[in-house]
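In what follows, a structure is listed as structure tokens, so that the remarks can point back to it.
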Amino acid sequence: MNPALELIHARKSVRSYEPRPVEAPVKEALLAATLRAPTAGNMMLYTILDITDPGIKEKLSHTCDEQRFIATAPIVLIFLADYQRWMDYYAYSGALEAEGPRPRESDLLLAFSDAMIAAQTTALAAESLGLGSCYIGDVMEHWETHRDLLDLAPYTFPAAMLTLGYPTAQQKARPAPGRFPLSQIVQENRYVRRTGADFETLFGDRGSGPFLPGATNFGQHEYRRKFSAEFSREMRRSVAVALENWKGLEP
Ligand SMILES: Cc1cc2nc3c(=O)[nH]c(=O)nc-3n(C[C@H](O)[C@H](O)[C@H](O)COP(=O)(O)O)c2cc1C
């Protein structure tokens, strides 16, 4: 394998870090690499919030589904989908018409894509620098709280958070989780829906439990877990409110 492929295969989520800080030149190299991420139209529709305030990290560890390792992670980065920079520039340059078009859902999806691609570029660069990282999707929850905590502008949305730091020895030794086989992920030319035999290939090895009360197999267990969990309900609520707010910005 070439070094780039080795790096990609070696990466796994790291949720426990050595307490030592990440040196400034290492952090600079990390963020410099992030800027090379592809971006729609080279507009760089994202902003990275570098959360250095321990009080804010502490709050995020609670609002992001009580994931306590956020509070002590040496680096916490929030990747915002950000159309505000361009909207403010349009206003500044006299381009914005009172009744003129505003960013729509499509623009949010583009900005979201930019933010996520920047985040993944950071995650891979981190691996190359000996750092471990973990995505925190729960940053999409509690939108109103995060808006107030982080002074988020109207045309922004927290797409993802990454916690980073040097992995503990235990984390380094932990095996990486498996994946679905390639044959179940890549399809040629047209989409084909999966059927019974596929599900045996995909989930056949997950049948032994223990399952949540009322569930007798892995599918029932996962359905209950994913859709009835408090964090999942909150994420659905929060994202719906944020989307309504984005759409409501139309003149
Ligand atoms: C969009 C996204 C959101 C995630 N959110 C969380 C999270 O909130 N907490 C967490 O511990 N891991 C989170 N993860 C990490 C996944 O659990 C992890 O990538 C997955 O289990 C595969 O493991 P691996 O990254 O070690 O290969 C997230 C990953 C992605 C891509």
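Following our numbering, the numbering of the sequence shown begins with 160 at its first residue and continues without gaps.
In this text, a Cβ means the ideal position worked out from N, Cα and C, and glycines have one as well.
Same chain, Cβ closer than 7 angstroms to residue i, five either side skipped, listed in chain order
| i | result |
| --- | --- |
| residue 371 | 380, 383, 384 |
| residue 229 | 216, 219, 220, 223, 235, 295, 322 |
| residue 209 | 236 |
| residue 367 | none |
| residue 304 | 222 |
| residue 284 | 189, 192, 193 |
| residue 202 | 245 |
Residue i, buried or exposed, once every other Cβ within 10 Å from all chains shown has been counted against 16
| i | result |
| --- | --- |
| residue 214 | exposed |
| residue 345 | exposed |
| residue 351 | exposed |
| residue 316 | buried |
| residue 251 | exposed |
| residue 238 | buried |
| residue 193 | buried |
| residue 160 | exposed |
| residue 262 | buried |
| residue 168 | exposed |
| residue 324 | buried |
| residue 248 | exposed |
| residue 387 | exposed |
| residue 318 | buried |
| residue 328 | exposed |
| residue 232 | buried |
| residue 204 | buried |
Other residues of its chain near residue i: CB distance less than 6 angstroms, five sequence neighbours each side excluded
| i | result |
| --- | --- |
| residue 286 | 166, 170 |
| residue 326 | 173, 291 |
| residue 206 | 239, 241 |
| residue 400 | 302 |
| residue 312 | 243 |
| residue 411 | A question about residue 411 goes unanswered here, because the residues of the chain that appear run from 160 up to 410. |
| residue 253 | none |
| residue 280 | 193, 196 |
Identified DSSP bridge partners for residue i
| i | result |
| --- | --- |
| residue 235 | 322 |
| residue 367 | Answer is none; residue 367 lacks a bridge partner. |
| residue 291 | 324 |
| residue 316 | 240 |
| residue 207 | 238 |
| residue 350 | Partner(s): none; residue 350 has no beta bridge. |
| residue 176 | 326 |
Sequence-distant residues of the same chain with beta carbon closer than 8 angstroms to residue i, five excluded per side
| i | result |
| --- | --- |
| residue 282 | 170, 292, 294, 321 |
| residue 353 | 343, 361 |
| residue 402 | 264, 267 |
| residue 376 | 366, 370 |
| residue 288 | 185, 188, 189 |
| residue 357 | 343 |
| residue 408 | 261, 262, 313, 314 |
| residue 180 | 233 |
- Query: Whose CB is closer than 6 angstroms to a heavy atom of ligand 1? List the residues in chain order.
  - Reply: 171, 172, 174, 226, 293, 294, 295, 296, 297, 319, 335, 336
- Is there contact here, the segment 196-206 with the segment 271-278, by at least three beta-carbon pairs under 8 angstroms? yes
- Message: Does the structure place the segment 256-268 close enough to the segment 176-193 that three or more beta carbon pairs sit under 8 angstroms?
- Response: No: fewer than three Cβ pairs fall under 8 angstroms.
- Query: Are there three or more Cβ pairs, one per stretch, closer than 8 angstroms when the segment 261-269 is compared with the segment 296-308?
  - Reply: no
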